[in-house]
Amino acid sequence: MSARLVPLLLALAAPAYAEPQRATARYRIPDVTLVRADGARVNLRRELDDGRPVILNFVFTTCAAICPVMSRTFAAVQRRLGDEVHLVSISIDPDEDTPPRLLQYARQLRARPGWSFYTGTAEASLSAQRAFDAFRGNKMNHVPVTYLRVAPDAPWVRLSGFASADEVVKEFRKLRSGD
Amino acid sequence: MRSRSRYAFAVVPLLLIAALAVPWHASRQAMRLRLGERIYRDGVLPSGALLRGVRPGLGEVSGAQAACVQCHRRSGMGTVEGGQLVPPIAGPFLFQPRAQKLPELDGQHTRGPDLAHALGRSHPRAPYDDRSLQRAICQGTDPTGSSLEALMPRYNLSDSDAQLLVDYLKQLSTRPSPGVTADSIHFATVVTPGVAPQRRKAMLDVLQSYFSVHNGGSRLARLRQKPFLDPEHGRYRAWELHVWELTGPPSTWEAQLLAYERRQPVFALISGVGERTWAPVQQFCEKREVPCWFPTVDLPVTTGSFYSVYFSKGVLLEAEMLARRIGAQATVRRLIEVRTDDEAAAGATRALAAAIGPTGMRLEERVLHTVDRAALQEAVADATAEDALVLWLRGDDLALLAGAHPPPGAVYLSATMAGAEHAPLPAGWKAQARLIYPFELPRERSTNLSRFHSWLATHGQKLVDERLQADAYLASALMSEQVGDMLEVLNRDYLLERAEALLSAHLTPAMYHRLSLGPTQRFASKGGYIARFDGTAESGWIVP
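If you're matching them up, the sequences are chains A and B in order. If you want my numbering, it's the 1-based position in the first sequence plus 80. If you want my numbering, it's the 1-based position in the second sequence plus 71.
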């Protein structure tokens, strides 16, 4: 059996309502320039360290099965947490996801200010994915992961799997209250 | 006698009813399938209301977002995304018992971890019937009673609407697409008028060699096919190449293509070459649902394509790259575009104007209806240091610049139209001019293409047009890989879905810097460079 197949077959055997796996980690955010959907060239580290709590994911706009679910979850999280949090979505298909495409995607999701979308060079996106241990060879292999961090010096919480809006908000509140 | 005629009177209306009932039944069936298709593809119910479903824990979805096609794709063959298996739901996969696993999944013959239809069989399950399938759709349980993944919405459907969907699934992807027979797959390649004979021949030679190797010209090739010789898991089929040569004005091409198709339906158009316009070919492909598989065209159509996949947007990409480049340089006051009546050049001019948008820059379009030395040299004579000159011209026309002084300002050339760094531009101009270059740079490319170059040499072919020949080779290689993966499901929609998934992973011997597709994406290479004639880049990678 090919090593690449094993996780898949395990996933097939998994129960239908798998709760996301929770882990904490300290990621070294690379010093790279990304391009925000509004066209601004920004430094990823500074974007994440602006003082606000961050909830982050990796998506691409033409993704059919996984990203629409994750993005709808982010939209629901934003409706509930509002300005309390900076939502960050980084494209893993930056050549296709130009800033205008990201803006269009944000509009479809009714994203409000406080939820930022980023693209950039393929290398910059890759280095962000690597830093968060999210790179899986190519974009069709990407995995659903949600990352939360309440302050620039706090560790990241990594929720692997399809976290529901309830689960993300609950995790966020728990982190905010310092449990 | 009397009783016999009375009997005859009774029979006539019965026959009439029967004669009418057959087509009535057929058209009712067709209508039911259309309604089922609308639920499947658009997420719209027969009443016009939106399809609604709930993903346990993940919320409600409706309409297009809830449509089955979103995850299971048009073919119903499913997909694998990020370790998430979306199983195939096309008829045969639901209504037959699911076997333990395919032999090529024993590790030795594994074709790739993203083959949903192979993986989908890898855990056994009893076949669905109408009732258990309705239960799966509405309640999210399979025939064994276990719950389906949370990603699968539980749909709110009436019994009759659910039955429409069940009937649609029953027939989905059950038969191979046209052009596929028990022992062969027919392909056509399209050549538009005006392509130079040596280019036409170079492309056809690549395709013919590739096809003859595929068709077991070598014993090794057949041996490689071995796992697929097993009748249960896909049989060996010879590839037949038909050359669909077009003549006359583009307005007549679609009728010519339809006539070719009537004579011999093909599974897909493969490669192909078109310099000026390709619109009628794409229109034919969309109308007839025939894949148009990576043709080498300068001016593709960028909208409304499901069945056409391209390596790049050609001159349209160049125009957008140039707009980005010039937009970044505030020094250009006037942009002078020189072109002929060539449709590709006209398309590029329109795309450039649209991409630049309203700015302070003056755009001047100079169209040469007949190209001669004097007219061309006059058209470029007044360009100043504050102007940028853009030449949407082909190689032969560029040679007519010999004797003219290059202007003091920037000069840009379409690499696609001019023949890239091989353009016959006078030496004085070469130092000044920059190529809008939607390809990999020459030095890097020679490494990427080394396998292709040795393949050409092995098959006794000369390098005539690197882009055209490498494109034809790659189109064939990608087709071969996809057809191998598809096993017995030789379905056109599935072919395109496989292309979307596979190209995201592959390192391929291409003319291009990076090839990548994804769901709904139809142009694999999305950027380029501004390059000098010595093959070095003057810009970074530009994605407009």
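Backbone N, C-alpha and C fix where the C-beta goes; we use that ideal spot for every residue, glycine too. Source: prediction; values computed, not measured.
Quick one: grab the DSSP three-state call for C209(B).
-> Residue 209(B) sits at position 138 when you count from the first residue of the second sequence. Secondary structure of C209(B) (DSSP, three-state): helix.
Thinking just about the alpha-carbon of each residue, which of Y544(B), R569(B), K597(B) is nearest to the one in S280(B)?
-> Start at 1 with the first residue of the second sequence, and residue 280(B) comes out as number 209. When only C-alpha atoms are compared, the closest one is Y544(B).
What separation, rounded to the nearest whole angstrom, lies between the Cα atoms of I172(A) and R516(B)?
-> As a first step, residue 172(A) is located in the first sequence; it is residue number 92 there, counting from the start. As a first step, residue 516(B) is located in the second sequence; it is residue number 445 there, counting from the start. For I172(A) and R516(B), the distance between alpha carbons rounds to 25 Å.
Excluding five sequence neighbours on each side, which residues of the same chain lie with their C-beta closer than 6 Å to the C-beta of A546(B)?
-> Walking along the second sequence from the start, residue 546(B) turns up at place 475. Answer for A546(B): I341, S342, W364, F365, listed in chain order.
When burial is assigned at 16 or more other CB atoms within 10 Å of the CB, is D458(B) buried or exposed?
-> As a first step, residue 458(B) must be located in the second sequence, where it is residue number 387. Per the 10 Å Cβ criterion, buried.
Could you give the DSSP three-state label for I109(A): helix, strand or coil?
-> The residue labelled residue 109(A) in the question sits at position 29 within the first sequence. Of the three classes helix, strand and coil, the one that applies to I109(A) here is coil, per DSSP.
Please state whether DSSP places W463(B) in a helix, a strand or coil.
-> Indexing the second sequence from 1 puts residue 463(B) at position 392. Three-state result, W463(B): strand.
When the Cα of R308(B) is compared with those of L219(B), D468(B), G606(B), S551(B), which residue comes out closest?
-> The residue given as residue 308(B) occupies position 237 in the second sequence. The residue with the shortest Cα to Cα distance from R308(B) is S551(B).
Could you say if the segment 433 to 448 of chain B and the segment 399 to 413 of chain B meet the contact criterion of at least three C-beta pairs nearer than 8 Å?
-> The answer is yes - the segment 399 to 413 of chain B touches the segment 433 to 448 of chain B, with three or more Cβ pairs under 8 Å.
Among A581(B), T529(B), L561(B), which one has its Cα closest to the Cα of A541(B)?
-> As a position in the second sequence, residue 541(B) is number 470, starting the count at 1. Checking every option, the nearest Cα to that of A541(B) belongs to A581(B).
Do P497(B) and A473(B) have their C-beta atoms within less than 7 Å of each other?
-> Numbered from 1 along the second sequence, position 426 holds the residue referred to as residue 497(B). Numbered from 1 along the second sequence, position 402 holds the residue referred to as residue 473(B). Result yes, Cβ atoms of P497(B) and A473(B) sit closer than 7 Å.
Is it the case that the Cβ atoms of R563(B) and P247(B) are separated by a distance below 7 Å?
-> For the purposes of this step, residue 563(B) is taken as the residue at position 492 of the second sequence. For the purposes of this step, residue 247(B) is taken as the residue at position 176 of the second sequence. Here R563(B) is not near P247(B), since their CB atoms are 7 Å or more apart.
What residue from A144(A), R152(A), T142(A) has the CA that sits closest to Q130(B)'s CA?
-> Counted from its first residue, the second sequence places residue 130(B) at position 59. A small fix is needed here, since residue 130(B) is Gly in this sequence, not Gln. When only C-alpha atoms are compared, the closest one is R152(A).
Over the uninterrupted alpha helix (DSSP H) stretch that includes H143(B), give me the two end residues.
-> Along the second sequence, one-based indexing puts residue 143(B) at 72. For H143(B), the enclosing alpha helix (DSSP H) has its first and last residue at 140 to 143.
What residue does the alpha helix (DSSP H) around T487(B) start on, and which one ends it?
-> For the purposes of this step, residue 487(B) is identified with residue 416 of the second sequence, where counting begins at 1. Run containing T487(B): 486 to 489, per the alpha helix (DSSP H) assignment.
Quick one: which residues of the segment 581 to 598 of chain B get their C-beta closer than 8 Å to a C-beta of chain A? List them in chain order.
-> With the criterion set as a beta carbon lying under 8 Å from some beta carbon of chain A, the members of the segment 581 to 598 of chain B are R585, S587, G589, P590, T591, Q592, K597, G598, in sequence order.
Neighbouring residues, chain A, relative to L243(B) (Cβ below 8 Å) | As a first step, residue 243(B) must be located in the second sequence, where it is residue number 172. Those within 8 Å of L243(B) in chain A number zero; the least Cβ separation is about 17 Å.
Going along the segment 140 to 156 of chain B in order, which residues come within less than 8 Å of chain A, judged by CB to CB distance?
-> Using a CB distance below 8 Å, the part of the segment 140 to 156 of chain B facing chain A consists of Q141, C142, R144, T150, V151, E152, G153, G154, Q155, L156, ordered along the chain.
Exposure of R160(A), with buried meaning 16 or more beta-carbon neighbours within 10 Å | By one-based count along the first sequence, residue 160(A) stands at place 80. Residue environment for R160(A): exposed (fewer than 16 other C-beta atoms within 10 angstroms of its C-beta).
Is it true that the segment 128 to 139 of chain A meets the segment 201 to 215 of chain A, where meeting means three or more beta-carbon pairs spaced less than 8 Å apart?
-> With contact defined as three or more Cβ pairs closer than 8 Å, the segment 128 to 139 of chain A and the segment 201 to 215 of chain A are in contact.
Which of helix, strand or coil DSSP assigns to W612(B) = For the purposes of this step, residue 612(B) is identified with residue 541 of the second sequence, where counting begins at 1. Three-state DSSP puts W612(B) in coil, outside helix and strand.
If you check the beta carbons only, do G149(B) and L240(B) fall under 7 Å apart?
-> Your numbering for residue 149(B) matches position 78 in the second sequence. Your numbering for residue 240(B) matches position 169 in the second sequence. The answer is no: Cβ separation not under 7 Å.
Could you check which residue in G431(B), F377(B), R421(B) has the C-alpha nearest to that of Q400(B)?
-> For this step, residue 400(B) is matched to residue 329 along the second sequence. Nearest C-alpha to Q400(B): G431(B).
What does DSSP give as the partner residues of L228(A) in its beta bridges?
-> Locating residue 228(A) in the first sequence gives position 148, where the first residue counts as 1. Bridge pairing for L228(A): I135(A), V237(A) [DSSP].
Which term fits H476(B), buried or exposed, when burial requires 16 or more other beta carbons within 10 angstroms of its beta carbon?
-> Translated into positions along the second sequence, residue 476(B) becomes position 405. Per the 10 Å Cβ criterion, exposed.
Going along the segment 137 to 166 of chain A in order, which residues come within less than 8 Å of chain B, judged by CB to CB distance?
-> Contact residues of the segment 137 to 166 of chain A toward chain B are F140, T142, C143, A144, A145, I146, P148, V149, R152, T153, A156 (C-beta to C-beta distance below 8 Å).
Answer yes if the segment 380 to 391 of chain B comes into contact with the segment 485 to 493 of chain B, meaning at least three C-beta pairs across the two stretches below 8 Å, and no otherwise.
-> In this structure the segment 485 to 493 of chain B lies against the segment 380 to 391 of chain B, because at least three pairs of beta carbons, one per stretch, are closer than 8 Å.
Is the beta carbon of G107(B) sitting closer than 7 Å to the one on L235(B)?
-> For the purposes of this step, residue 107(B) is identified with residue 36 of the second sequence, where counting begins at 1. For the purposes of this step, residue 235(B) is identified with residue 164 of the second sequence, where counting begins at 1. With respect to the 7 Å criterion, G107(B) and L235(B) are classified as neighbours on the basis of their beta carbons.
Do the segment 603 to 614 of chain B and the segment 530 to 539 of chain B make contact, defined as three or more Cβ pairs closer than 8 Å?
-> Too few Cβ pairs lie closer than 8 Å, so no.
Below 8 Å between beta carbons is the criterion; list the residues of the segment 202 to 232 of chain A that meet it against any residue of chain B, in chain order.
-> If the cut-off is 8 Å between Cβ atoms, the segment 202 to 232 of chain A has A202, R216, G217, N218, K219, M220, N221, H222, V223, P224 near chain B.
With E436(B) as the anchor, note down where its beta strand (DSSP E) starts and where it stops.
-> Taking the second sequence and counting its residues from 1, one reaches residue 436(B) at position 365. Element bounds for E436(B): 433 to 439.
Can you tell me whether S596(B) is buried or exposed, with buried defined as 16 or more other CB within 10 angstroms of its CB?
-> As a working mapping, residue 596(B) is identified with position 525 in the second sequence. Its Cβ being crowded by 16 or more others within 10 Å, S596(B) is buried.
Given that a residue counts as buried once 16 or more other Cβ atoms are within 10 Å of its Cβ, and exposed if not, what is W463(B)?
-> By one-based count along the second sequence, residue 463(B) stands at place 392. Classification for W463(B): buried.
What whole-angstrom Cβ distance do V337(B) and A259(B) have, given they're in contact under 8 Å?
-> Residue numbering aside, residue 337(B) sits at position 266 when the second sequence is read from its first letter. Residue numbering aside, residue 259(B) sits at position 188 when the second sequence is read from its first letter. Taking the Cβ atoms as the reference, V337(B) lies roughly 4 Å from A259(B), within the contact range of under 8 Å.
Quick one: measure Cβ to Cβ for P249(B) and L317(B), integer angstroms, because I've assumed they're closer than 8 Å.
-> Taking the second sequence and counting its residues from 1, the one referred to as residue 249(B) is at position 178. Taking the second sequence and counting its residues from 1, the one referred to as residue 317(B) is at position 246. Actually they are not in contact, since the Cβ atoms of P249(B) and L317(B) sit about 20 Å apart, beyond 8 Å.
Beta-carbon neighbours of D173(A), restricted to chain B and to distances below 9 Å | Translated into positions along the first sequence, residue 173(A) becomes position 93. Near D173(A) (Cβ distances below 9 Å), the residues of chain B are S575, S587, G589, Q592.
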